[in-house]
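Peer 1: My questions will all concern the structure given below.
Numbering (the working numbering), first residue to last: 1359 to 1565.
Here it is, written out as structure tokens:
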């Protein structure tokens, strides 16, 4: 005699609820991802790259067909690496802040265009303005993996020796620049014997 669970076509309670449990788990993960992407303080722990050499890359330059830009090319002066994409709403919010900061010529601002379409990236900069010293393009996102990038915008400060000194996840604000970035730039300048924040950027580092 067949038991209820062994009858042809019958399904155990656990098996019946499995698809719903999987769906619920995926929904929770998706909600968490959305919440993290909207939270500018989502990365509470410092990046493991801080104090270490910046991961190497050699990537196409957005505005110059056939040209590559590498981390070695950028060494010799500090730079701010800003991760952005035309598909990123938070990048649009950040852009005026980043533009105002770039205009101070305090440090080179290097764009890291991530997983974008070439035409879309060009159109976006034409519409909102181009604050970047140069824009490197990571079409497939492979270089971003080495940098630990998992969202946009993200921003890294790299010193003249190519060492990562600071990272911020989320859109930059005037407060973040004033309270976090400028003090880090001052520390770098102090060690190098360069002018402190507010001074004009030396001639080889201007956009």
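Quick reminder that beta carbons are idealized off the backbone N, C-alpha and C, glycines included.
Model, not experiment: these values are computed from the prediction.
Would you be able to state if there are at least three C-beta pairs under 8 Å between the segment 1514 to 1522 and the segment 1482 to 1502?
Peer 2: They do not touch, by the three-pair rule.
Peer 1: DSSP three-state label for residue 1486, please.
Peer 2: Indexing the chain shown from 1 puts residue 1486 at position 128. Correct three-state label for residue 1486: helix.
Peer 1: Could you tell me which whole alpha helix (DSSP H) segments of length 4 or greater appear in the segment 1463 to 1524?
Peer 2: Segments of the alpha helix (DSSP H) lying fully in the segment 1463 to 1524: 1476 to 1486, 1500 to 1505.
Peer 1: For residue 1401, which residues from the same chain have a beta carbon less than 7 Å from its beta carbon, with the 5 sequence-adjacent residues on both sides left out?
Peer 2: Within the chain shown, the letter at position 43 stands for residue 1401. Below a pLDDT of 50, predicted positions are generally treated as unreliable, and residue 1401, at 48, falls in that range; the measurement from the model is reported next regardless. So the qualifying residues of the chain are 1527.
Peer 1: Between 1408, 1549, 1511, 1426, which has its C-alpha nearest residue 1494's C-alpha?
Peer 2: Within the chain shown, the letter at position 136 stands for residue 1494. Nearest of 1408, 1549, 1511, 1426 to residue 1494, Cα basis: 1426.
Peer 1: Quick one: give me the first and last residue of the alpha helix (DSSP H) that residue 1546 is part of.
Peer 2: Position 188 of the chain shown, counted from the first residue, corresponds to residue 1546. That run of the alpha helix (DSSP H) goes 1540 to 1550.
Peer 1: Following the continuous alpha helix (DSSP H) through residue 1412, name the residue where it begins and the one where it ends.
Peer 2: Start at 1 with the first residue of the chain shown, and residue 1412 comes out as number 54. It is not in any alpha helix (DSSP H) - residue 1412 carries neither H nor E in the DSSP assignment.
Peer 1: On a CA-only basis, which of 1551, 1507, 1543 is nearest residue 1473? Give me that one, please.
Peer 2: On the chain shown, position 115 is the one that residue 1473 refers to. For residue 1473, the nearest C-alpha among the options comes from 1507.
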